[in-house]
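Going by the UniProt record's numbering, 37 is the number at position 37 of the sequence shown; the sequence numbering is gapless.
Just so it is clear, CB atoms sit at the ideal spot from N, CA and C, and this is done for glycine as well.
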Amino acid sequence: MHVSKTTIVNWEKGKIIPGIPELTMLCEIYKVPSDYIFLPIKSTNSRKIRR
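(1) Please report the distance separating the alpha-carbon of Ile17 from that of Asn10.
(2) Spatial neighbours of Cys27 within its chain, please: CB distance less than 6 Å, with the 5 preceding and 5 following residues excluded, ordered by chain position.
(3) What residue range does the alpha helix (DSSP H) around Met1 cover?
(4) Please report the distance separating the alpha-carbon of Glu22 from that of Pro40.
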């Protein structure tokens, strides 16, 4: 894929989303449907932070 490291970091942080061409490549690379990439994943290890 011809994208910068900054772009990938922004995808991971949810600041931007991949375009259709990048999404298609990601789905092919990871062998997953597009909704898998965009749907939120619930963490089994999540915990509340005390203030």
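Once the coordinates are examined:
(1) Per the coordinates, the alpha-carbon of Ile17 lies some 8 Å from the alpha-carbon of Asn10.
(2) Cβ neighbours of Cys27 beyond the five flanking positions: Ser34.
(3) Element bounds for Met1: n/a, residue is neither H nor E.
(4) Straight-line measurement puts the Cα of Pro40 at about 19 Å from the Cα of Glu22.
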